[in-house]
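Order-wise, the sequence lines are chains A and B. For the first sequence, my numbering gives the first residue as 6, with consecutive numbering after it. For the second sequence, my numbering gives the first residue as 6, with consecutive numbering after it. Below you'll find the structure, written out as structure tokens, and then a few comments.
There are 2 protein chains.
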Amino acid sequence: MIVGLDPYFKSIPDIIKQKFSTLKKQSFEYEARVILEFNIQVIDLIAPHVSIVKPQIAFYELYGWWGVWAYAETIKYAKQKGLIVIGDVKRGDVPSTAEAYANAHIGEVCTDHVAEAPFGTDAITINPFLGTDSLLPFFQTAKKYHKGIFVLVKTSNPDSGEFQDLICEGKKLHEIIAERTYTWGKDVLGKHGYSAVGAVVGATFSHEITKLRKIMPTAYFLVPGYGAQGATAKDIACCFNPDGLGAIINASRSILYAYNLSPWKEKYGIDSWRDATREAVVKMNEEIRNILKTNHGYKE
Amino acid sequence: MIVGLDPYFKSIPDIIKQKFSTLKKQSFEYEARVILEFNIQVIDLIAPHVSIVKPQIAFYELYGWWGVWAYAETIKYAKQKGLIVIGDVKRGDVPSTAEAYANAHIGEVCTDHVAEAPFGTDAITINPFLGTDSLLPFFQTAKKYHKGIFVLVKTSNPDSGEFQDLICEGKKLHEIIAERTYTWGKDVLGKHGYSAVGAVVGATFSHEITKLRKIMPTAYFLVPGYGAQGATAKDIACCFNPDGLGAIINASRSILYAYNLSPWKEKYGIDSWRDATREAVVKMNEEIRNILKTNHGYKE
């Protein structure tokens, strides 16, 4: 499983905000420093239990360039702690622009001084709407720097079917994109048979997932929607291959703000938010392990 | 017409870079300050001739959070100079995340101190792939703050047809998105009959544009592809409504780096890049004016 680092400023405990209260009048520096401190404490709590985190960049852009600074520093800290970082950026643009995005997020930039990684995430999510030539710079950069890509195939929001489920030439659009994703990934297969090109597949549509699993057997599925978005552990069982591998299940708010949800709300409350978050991660790991035991004969 | 502020660091004249040479070893601060200074000089040059600029955020993210700082400062300076700023960000995500993007780019954030605009652009481009619920936060924010939205309908890259031209239920996907864009825009019609919800339509596909112009009569078309991407003034004639309004034609590299292109290359060279840029803007304005005269009976 992975934890989405989606900072909702209002949900961050006051005890963290108080540390930076003298900065309150600075333009977004205060919010950015609070978010970074919260993320650092969350990373310290969850690092023993998970191996991947996924910051969603929108929640950082919300605080302007200071927010993007917090995004960059969060990535740096998570990597120092040995975690893999997936940047949930959902970028997509015409080829020359896509190349800039690719180098920004999973590549390097070499101008007048040495080559350096602007954000240095290990993988990112991308939007396929513009077609193959707009995605090749991402795949090529991933290959060059040994990074990963997750193509949006079927998203978790209620209206995702409006365009993604349209029947085009006998197939649903998202099935056509899934076929392409499988093809794009053939060039970057790893030694365990999985590709560096994966797919974002919302856990909220279990019927579609079963079909997509067959279309893209070598793709890692990045699966949002568990927890706050309503999908249960049962829903996500079909994201895994028969070998019990191939899916990465994400939860964000249900872990970060567990103190605000039952049963931890009653047990802990905000002052013990750290205990709530720690227990929520452990519980989610257990749920996924049970699913794998039941459905895929997983043994510990 | 509008000028795309897409900084290609290597193409920025050395005379600007020399001002910041003492910063060379600082991580991306040097590149960011050079880019901002270049943009400021470009804005000063073009402000008498154009009313809109369009920074493409990918070329700023390429320099990490320092680059995003240069993006924010560029917007601020352009607005001080009375220009309208379209942020070419092509964002799109599930509803709660889309709301964060919307507030970041065209809205405001109110946390513990006063409400403030993180980036403050007047309009942005967005990607419709996730469906209506993922776009509503953008339309609602645009309505609240009197901002504009350009939905990607038919992009200018060679492979844009791969998904956008698929025949879905008897129509091309981009025509379906165009119909929806027209509908989404009905709620935010201005007093001159144009909507706050416009469309991105690549000038490289003139056949499609004629049809799209009919499907979306009230949408402003943001038209990339003029100049460096190969579309000519003739190609873009069909982007305008019969009244000669409704299209915004973008050029980026052909203006910013005119010193490197014929006929200015021979006439000026890099030391007189400012004269080349100024002349390129004036010439492009003339070309568009001539097209309007020929095709739409435009009179000065």
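We put the CB at the ideal spot given by N, CA and C, even for glycine. Predicted model only: the values in this text are computed from it and were never measured.
1. So, Tyr225 of chain B versus Tyr262 of chain B, is the Cβ gap smaller than 8 Å?
2. Suppose contacts are defined by Cβ-Cβ distances below 8 Å. Is Ala103 of chain B in contact with Ser139 of chain B by that definition?
3. Using a Cβ-Cβ cut-off of 8 Å, state whether Ser211 of chain A counts as contacting chain B.
4. The alpha helix (DSSP H) with Asp19 of chain A in it runs from where to where?
5. Should Ala204 of chain B and Ala236 of chain B be called a contact, given that it needs their Cβ atoms to be closer than 8 Å?
6. Assuming Ile48 of chain B and Phe14 of chain B are in contact, meaning their beta carbons sit under 8 Å apart, how far apart are those beta carbons, in whole angstroms?
7. For Thr146 of chain A, does the three-state DSSP call read helix, strand or coil?
8. Quick one: which chain B residues come within Cβ less than 7 Å of Glu42 of chain A?
9. Using the C-alpha atoms, what's the distance from Ile57 of chain B back to Val94 of chain B?
10. If we define contact as Cβ-Cβ less than 8 Å, is Cys115 of chain A a contact residue for chain B?
11. Within 8 Å of any Cβ in chain A, is that where the Cβ of Asp164 of chain B sits?
12. Output yes if chain A places a C-beta closer than 8 Å to the C-beta of Gly69 of chain B; else output no.
13. Should Thr126 of chain A be labelled buried (16 or more other beta-carbon atoms within 10 Å of its own) or exposed?
14. Does DSSP put Cys243 of chain B in a helix, a strand or coil?
15. Below 8 Å on the Cβ atoms is my guess for His54 of chain A versus Asn290 of chain A; work out the distance and round it to an integer in Å.
16. When you compare each of B:Pro60, B:Lys59, B:Glu66, B:Thr130 to Glu36 of chain B by their alpha carbons, which one comes out closest?
17. For Thr116 of chain A, I'd like the list of residues in its chain whose CB is within less than 7 Å of its CB, leaving aside the five on either flank, ordered along the chain.
18. With the cut-off set at 8 Å, would you say Asp286 of chain B and Ile253 of chain B are in Cβ contact?
19. Under 8 Å between C-beta atoms, does Glu174 of chain A make it to chain B?
20. Using 8 Å as the cut-off, can you tell me whether the segment 156-171 of chain A makes contact with the segment 145-163 of chain B, which would need three or more C-beta pairs spanning the two stretches below that distance?
21. What separation, rounded to the nearest whole angstrom, lies between the Cα atoms of Lys84 of chain A and Arg258 of chain B?
22. Going by DSSP in three states, Ser32 of chain B sits in which element: helix, strand or coil?
23. Anything in chain B within Cβ reach of Thr137 of chain A, meaning under 7 Å, just list it in chain order.
24. With a threshold of 8 Å between beta-carbons, can Val90 of chain A be considered close to chain B, or not?
25. Note the first and the last residue of the continuous alpha helix (DSSP H) segment covering Asp93 of chain A.
26. Along the chain, where does the alpha helix (DSSP H) that runs through Ala105 of chain B open and close?
27. Beta-carbon separation of Gly153 of chain B and Ala128 of chain B under 8 Å?
28. Taking 8 Å as the CB-CB cut-off, is Thr102 of chain B touching chain A?
29. Within the continuous alpha helix (DSSP H) that includes Leu171 of chain B, where are the two ends?
30. Between the segment 32-65 of chain B and chain A, which residues of the former have a C-beta closer than 8 Å to a C-beta of the latter?
31. Under the assumption that Tyr68 of chain B contacts Phe25 of chain B (Cβ atoms under 8 Å), give the Cβ distance between them as a whole number of angstroms.
32. Cβ of Gly190 of chain B within 8 Å of Cβ of Val206 of chain B?
33. For a minimum of 4 consecutive residues, which ranges assigned as the alpha helix (DSSP H) are wholly contained in the segment 208-280 of chain A?
34. Pop quiz: Asp98 of chain B and Leu135 of chain B are said to be a contact at Cβ under 8 Å. What is the actual Cβ separation, rounded to whole angstroms?
35. Can you have a look at Ala120 of chain B and say buried or exposed, based on whether 16 or more other CB atoms are within 10 angstroms of its CB?
36. Thinking C-alpha only, which one of B:Ala52, B:Glu42, B:Leu50 is nearest Ala5 of chain B?
In short:
1. Result no, Cβ atoms of Tyr225 of chain B and Tyr262 of chain B do not sit closer than 8 Å.
2. Cβ distance < 8 Å, so Ala103 of chain B and Ser139 of chain B count as in contact.
3. No, Ser211 of chain A lies away from the interface with chain B (no Cβ there is under 8 Å from its Cβ).
4. That run of the alpha helix (DSSP H) goes 19-22.
5. Using a Cβ distance threshold of 8 Å, Ala204 of chain B and Ala236 of chain B do not count as a contacting pair.
6. About 18 Å separates the two Cβ atoms, so there is no contact after all.
7. Note: Thr146 of chain A maps to helix in three-state DSSP.
8. None at all; the shortest Cβ gap to chain B is about 15 Å.
9. Annotation: Val94 of chain B to Ile57 of chain B spans about 16 Å, alpha carbon to alpha carbon.
10. Chain B contact via Cβ: absent.
11. It does; some Cβ of chain A falls within 8 Å.
12. Yes - at least one Cβ of chain A is within 8 Å of the one on Gly69 of chain B.
13. Burial of Thr126 of chain A is indicated by the presence of at least 16 other C-beta atoms within 10 angstroms of its C-beta.
14. Three-state result, Cys243 of chain B: helix.
15. The pair is a contact, with the Cβ atoms about 6 Å apart (cut-off 8 Å).
16. Ranked by Cα distance from Glu36 of chain B, the first of B:Pro60, B:Lys59, B:Glu66, B:Thr130 is B:Glu66.
17. Answer for Thr116 of chain A: no residue qualifies.
18. Note that residue 286 of chain B is Val in the sequence shown, not Asp. Between Val286 of chain B and Ile253 of chain B, the gap from beta carbon to beta carbon reaches 8 Å or more.
19. It does: the Cβ of Glu174 of chain A has a partner Cβ on chain B nearer than 8 Å.
20. Using a Cβ-Cβ distance cut-off of 8 Å, the segment 156-171 of chain A and the segment 145-163 of chain B are not in contact, since fewer than three pairs of beta carbons, one from each stretch, lie closer than that value.
21. So the alpha carbons of these two residues sit roughly 37 Å apart.
22. Residue state, collapsed to three classes: coil.
23. For Thr137 of chain A, the residues of chain B that pass the 7 Å Cβ criterion are Asp164, Glu167, in the order they occur in the chain.
24. Judged by the 8 Å Cβ criterion, Val90 of chain A is not in contact with chain B.
25. Where Asp93 of chain A is concerned, there is no enclosing alpha helix (DSSP H), although the beta strand (DSSP E) it sits in stretches over 89-96.
26. Its alpha helix (DSSP H) spans residues 100-110.
27. In contact: Gly153 of chain B and Ala128 of chain B (Cβ atoms closer than 8 Å).
28. Contacts with chain A at 8 Å (Cβ-Cβ) include Thr102 of chain B.
29. Looking at the DSSP string, Leu171 of chain B is not in any alpha helix (DSSP H), and its letter there is neither H nor E.
30. Of all residues in the segment 32-65 of chain B, Ser32, Phe33, Tyr35, Glu36, Gln61, Ala63, Phe64 have a Cβ within less than 8 Å of some Cβ in chain A.
31. About 13 Å separates the two Cβ atoms, so there is no contact after all.
32. Contact flag unset, no.
33. Note on the segment 208-280 of chain A: whole alpha helix (DSSP H) runs with a minimum of 4 residues are 211-220, 238-241, 258-261, 269-272, in chain order.
34. About 7 Å; that satisfies the 8 Å criterion.
35. Residue environment for Ala120 of chain B: exposed (fewer than 16 other C-beta atoms within 10 angstroms of its C-beta).
36. Because residue 5 of chain B is not part of the residues shown, which for chain B are 6 to 305, the question remains open.
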